[in-house]
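So for the sequence shown, my numbering puts the first residue at 157; every next one is plus one. In this text, a Cβ means the ideal position worked out from N, Cα and C, and glycines have one as well. Structure record follows, encoded as structure tokens.
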Amino acid sequence: MKTLLFVYASQSGHTHALVTAAAAAAGGEDNVAVRVLPALQAGIDDLLACQALVLATPENFGYMAGALKDFLDRTFYPAQGKVEGLPYAVIISAGNDGQGALTAIRRIASGYPLHEALPPLLVKGEVTPQVLAEAAELGATLAAALSIGML
Numbered sequence: 157m158k159t160l161l162f163v164y165a166s167q168s169g170h171t172h173a174l175v176t177a178a179a180a181a182a183g184g185e186d187n188v189a190v191r192v193l194p195a196l197q198a199g200i201d202d203l204l205a206c207q208a209l210v211l212a213t214p215e216n217f218g219y220m221a222g223a224l225k226d227f228l229d230r231t232f233y234p235a236q237g238k239v240e241g242l243p244y245a246v247i248i249s250a251g252n253d254g255q256g257a258l259t260a261i262r263r264i265a266s267g268y269p270l271h272e273a274l275p276p277l278l279v280k281g282e283v284t285p286q287v288l289a290e291a292a293e294l295g296a297t298l299a300a301a302l303s304i305g306m307l
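Put into structure tokens, the structure is as follows:
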């Protein structure tokens, strides 16, 4: 069984709603286990046990949430040489354009180095049913690709 890990930070609930939709859709694959962890609870063992990763965050002051940055800080050096090429995707709930948060995540991910498997989901403003459907599509696509060995 392969594991798809969602690591997220959320204060308003927007990012959590997006992750919930994505994880629920990803759970449709029989041979993919889905784990959803708040960034402050996730650690190196969780990262090393997954075969694909979703990093989800609100945009705070044009940057990722501190909790997600903390996860990346805590796992960066212990993961060196152990997660090279790990596929990942990004979900950002943004009040502005989300580009600052995305740029920072990509920069850090390249140091692991991780492989961006799907285009990011950048949600600007409120979480609507259409946006939840887009999150579900991201989760389902990543899980399906993982399931059939494309990742």
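Going by DSSP, what residues sit across from residue 272 in a beta bridge?
BP columns for residue 272 point to 244.
Does the region 197-208 come within contact of the region 256-266, defined as at least 3 CB pairs closer than 8 angstroms?
Judged by Cβ distances under 8 angstroms, the region 197-208 makes no contact with the region 256-266, as fewer than three pairs qualify.
Residues in its own chain within less than 6 angstroms of residue 283 by CB, not counting five upstream and five downstream?
Excluding residues within five positions, the ones whose Cβ falls inside 6 angstroms are 170, 173.
Answer yes if the region 225-242 comes into contact with the region 275-282, meaning at least three C-beta pairs across the two stretches below 8 angstroms, and no otherwise.
The region 275-282 vs the region 225-242: no contact.
Alpha carbon to alpha carbon, what distance is there between residue 286 and residue 163?
If I take the Cα positions, the gap works out to 22 angstroms.
Check whether the Cβ atoms of residue 165 and residue 224 sit closer than 9 angstroms, and answer yes or no.
Going by C-beta atoms, residue 165 is nearer than 9 angstroms to residue 224.
For the alpha helix (DSSP H) containing residue 287, list its first residue and its last residue.
285-303 is the extent of the alpha helix (DSSP H) around residue 287.
Give me, in chain order, the residues of the same chain whose beta-carbon lies closer than 7 angstroms to that of residue 297; leave out the 5 immediate sequence neighbours on both sides.
For residue 297, where only same-chain residues beyond five positions count, the Cβ hits under 7 angstroms are 274.
Taking DSSP as the reference, what is the three-state secondary structure of residue 175?
It is helical.
Provide the residue(s) that pair with residue 162 in DSSP beta bridges, ordered along the chain.
Answer is 192, 210, bridged to residue 162.
By Cβ distance below 7 angstroms, which residues in the same chain neighbour residue 252 in space, the five residues on each side in sequence not counted?
These residues qualify, in order along the chain: 215, 218.
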